[in-house]
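Scroll down for the structure; my scribbles are underneath it.
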Amino acid sequence: MSKIIATSAIRGAHETVNLAEAKIKEAIDSKGANHEVAFPNTGYFLPVIYALTGEKVEKVSDMEKVLKIAKDLLPEEPSESLWLPYLGGTLDAGIATLFGAEMIMALRYIGIGDAPVTDLYVGAADDVIMRARGVEFVDGSAPGFAAIVGAAPSVEQAVAMARDLQQKNLYTFIAGSTDGVCFADQLVEGGVEIGWDTRLVPFDPHVYGHIYSIGFATRAAMAFGGVQPGDYERTLRYNKNRVFAFVVALGEVDPVKYAAAAGAINYGFPAIADTDIPEILPTGVCTYEHVVANVPFEDIIQKAIEVRGLKIKIDKVPIPVAYGAAFEGERIRKDDLYCEFGGSKSEAFELLLMKDMDEVEDNKIELVGPDLKDMEEKKAYPMAIVVDVAGRKMQKDFEPILERQIHHLINGAEGIMHVSQRDVVWVRIGKKAVEKGFGLADIGRILHTKILNEFPAIVDKVQVTIYTEAEKVHELLEVARKEYHDRDERVSGLTDENVDTFYSCTLCQSFAPTHICIITPQRLGLCGAYNWLDGKASFEINPTGPNQPVLKGTTLNEEKGEWDGINEYLSRASNGAIQRLYAYSMMENPMTSCGCFEAIIAHLPLVDEETGDVRSGFMVVNRDYAGQTPFGMTFSTMAGLVGGGLQNPGMAGVGKYFLGSPKFLSADGGFARVVWMPKELKEQLAGILEGQAERTGDPDFLSKIADETNALTMEEVGAFAKSKSHPAMTMDMLG
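So in my numbering, the last spot in the sequence shown is 764, and the numbers never skip.
Given below as structure tokens:
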């Protein structure tokens, strides 16, 4: 390998570790050795250090041990007289750089150094963000991420690169500057919306901010892949094989940037540069080349994708604005608004219907009523989006599944915001989209193109009619509501008993090899995104895909939900790791989890202070709740015990709407054992939880469930449950 690269990387590593040492000393002098230090809302401490060494950095003094590890990794700079072309020392220097950078950035959170979060820079991603965004890496909707270092030659080129990355559905993590200018600065100057919602994430103006990028990937290995802290080999191999990331170095590369790139190479993340720096072309640690240089700016992203071994499919949609999943999080604010439809300001709905083949004229896009150019700015107008589809394998049951796709399909257009579905839909059109020539018929073109591309196995023809005439929208709204009601009635009649086939979901096996969801009519997938009908439709669309029909076979235990066909499938699909499943229990043979679950259920022992009896309650905590729980852990810490494809009796990851199912842990006592959940979740699921309360025979049951406002310890939950005469306090102990 290049002596120049090795020398520069090792020099940058020494500089980083020396700076970390100085910052640690400053922290001890000003804050004290026992001062707590952490990134916000994470159960993974300083995640890169934790994953690679097993060390839990909780206070400043803990950093001294890590500093020694980093120093031990530092090689001497290559001498002028002797040079061995050995990559190992450079890679060690890269790891030392990551450790030093992580400590430097963590100390910022206690006031040592610059503020980690500003109006522009978002700082470290907490575990809520990591899990929510990590799901997209698991299901493939985000194929990987680009770590941008430096700045583009011009603002226009920066904007073009960002749009290219968005259309390729990649996340863009931004840190580091060239001559004091960061890629994020250029995007803001170019009027580009940045942040997690648009997949353009500005971490920090210094290259050390990319420790957040590496930390994101590292936590994915622990959260989704079941990699244990301290298992550095599995951490690095997991990232090389499963997290498709690459570094794009723009402009001058100084020693610290070389050192940071060496750290990324350990993870299998290659570096691609637009400047004339030395290269490392042989394969080895990375899948293909390690460092590729002198790539023309306009070709650098495509070259990086090629070198990392990424496969990206882009559907060209015939509309005048950019299109890609990265635009789905875009918000159209008041100042950018041209006009809007629905929400609380006008009537609007969307409806997808199956028709016979001869009733649908493919690619017929019709607008009934005024178009955008005929509307006044800032005003709200009525709108109905009616999609007719036909296909030889199309089924009536697939209508709501395809209809739900309208939300993300429309949202993929730059400058268009779509919220919710059915008759509570809200659509906003931005000024810039209209300036580029976007019209309402383009919504039809999006739906026609994407539905045919994404559902070719079941849809052969698509026609779209968009109504903006108020009277016609009002008339059709009643038709749509009747259709919604009829669908809900059909779905509510589906039970586990009246079907002979469940569906598997192995989407997360790319991250957790032994995890398989078994989706039943009354238990949806733990990510919340797939129910039984989704699984059925997915199999029709892709017969070799992640959702496969699994015959239940003979019922072995009706109460606990065990079938021989399910057990046989699980054993085969998990390579023997999982032998039995009780679908209605978390205390025995529970379903495994990846890391994508919306909520965690945990067994909570409750002591009756009067009698001394110990009872069993269930605690529920959702992914968005960042506080402490009566279990003594946050969601993030608990998630480390549940994920990774393991069966852990007494805890389970679930889709939050499973709480409304009659089969919700019915073998363990069911909903009547729920004694605690966050207030926000209780309010969010009020409708389905009230239905469960009715099933318990106690309409006031929800008032007996404690939350963080009245109980945060097991003792407090027990006392609250006792005071409310909660039924769990009279039920048998589980275990």
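All residues carry an ideal CB built from backbone N, CA and C; glycine is no exception.
Asked	Found
Range of the contiguous beta strand (DSSP E) that encloses glutamine 492	490-496
Sufficient close CB pairs (3 or more, under 8 Å) joining the segment 618-632 to the segment 657-676	yes
Pick from Thr759, Met615, Gly641 that is closest to lysine 821, judged by C-alpha positions	One cannot answer for residue 821 here, as it falls past the ends of the chain, which runs 30 to 764.
Reference serine 37; option with closest CA among Ala288, Trp705, Lys197	Ala288
Enclosing alpha helix (DSSP H) for histidine 477 [first to last residue]	470-483
Own chain, CB closer than 6 Å to proline 234, minus 5 neighbours either side, in chain order	Ser206, Cys211
Cβ neighbour criterion (16 or more within 10 Å) applied to threonine 742	exposed
Those runs of the beta strand (DSSP E) which lie wholly inside the segment 573-652 and span at least 3 residues	578-580, 584-586, 628-636, 643-651
Lysine 100 in three-state terms, based on DSSP	helix
Ordered list of beta strand (DSSP E) runs contained in the segment 162-226, each at least 3 residues	174-179, 200-204
Unbroken stretches of the alpha helix (DSSP H), 4 residues or longer, contained in the segment 731-758	743-752
8 Å contact criterion, which glycine 297 and valine 314 should meet: CB distance rounded	6 Å
C-alpha distance - asparagine 198 paired with isoleucine 330, whole-angstrom precision	12 Å
Best match in Gly259, Ala189, Val151, Ala278 for proximity to aspartate 226 [C-alpha to C-alpha]	Val151
DSSP bridge partner residues for isoleucine 53 (one or two, in chain order)	Partner(s): none; isoleucine 53 has no beta bridge.
Residue of Thr312, Asp208, Arg266, Ile341 minimising C-alpha distance to glutamate 281	Asp208
Span of the alpha helix (DSSP H), counted from its first residue to its last, around methionine 680	Not the alpha helix (DSSP H): methionine 680 falls in the beta strand (DSSP E), residues 680-683.
Buried or exposed by the 16-neighbour rule on C-beta atoms within 10 Å, applied to serine 690	buried
Residue burial classification, glutamine 608 (beta-carbon count within 10 angstroms, cutoff 16)	exposed
Nearest-angstrom Cα separation, counted from serine 645 out to glycine 371	46 Å
Any non-hydrogen atom of the ligand NAD closer than 7 Å to asparagine 198 Cβ	For the structure depicted, the ligand NAD is absent and the ligand set is empty, with no information on it obtainable.
Beta strand (DSSP E) segments (min. 3 residues) lying fully within the segment 693-733	703-705
Rounded straight-line distance, which links the Cα of glutamate 588 to that of alanine 696	6 Å
Which residues DSSP lists as bridging threonine 530, in chain order	Leu580
Where the beta strand (DSSP E) through methionine 134 begins and ends	Counting along the chain, methionine 134 falls outside any beta strand (DSSP E), though it belongs to the alpha helix (DSSP H) covering 117-137.
Beta-carbon proximity of phenylalanine 647 to arginine 271, cut-off 8 Å	no
Threonine 521, buried or exposed, once every other Cβ within 10 Å from all chains shown has been counted against 16	Reading the sequence as shown, one finds serine at residue 521 and not threonine. Its Cβ having fewer than 16 others within 10 Å, serine 521 is exposed.
Segments of 4+ residues assigned as alpha helix (DSSP H) that fall wholly inside the segment 395-462	428-440
Closest Cα partner of aspartate 529 within the set Trp592, Ser567, Ile570, Ile294	Trp592
Three-state secondary structure (DSSP) of glycine 656	coil
Chain-order list of residues whose beta-carbon lies under 6 Å from that of alanine 300 (same chain, five-residue window excluded)	Val276, Ala278, Ala290, Val320
As assigned by DSSP and simplified to three states, the class of glycine 292	helix
Given isoleucine 570 as reference, the closest of Thr583, Ala409, Ile480 once Cα atoms are compared	Ile480
Enclosing alpha helix (DSSP H) for proline 76 [first to last residue]	76-82
Buried or exposed (CB count within 10 angstroms, at least 16 for buried), alanine 175	buried
Cα-Cα separation between leucine 366 and glycine 72, rounded to whole angstroms	40 Å
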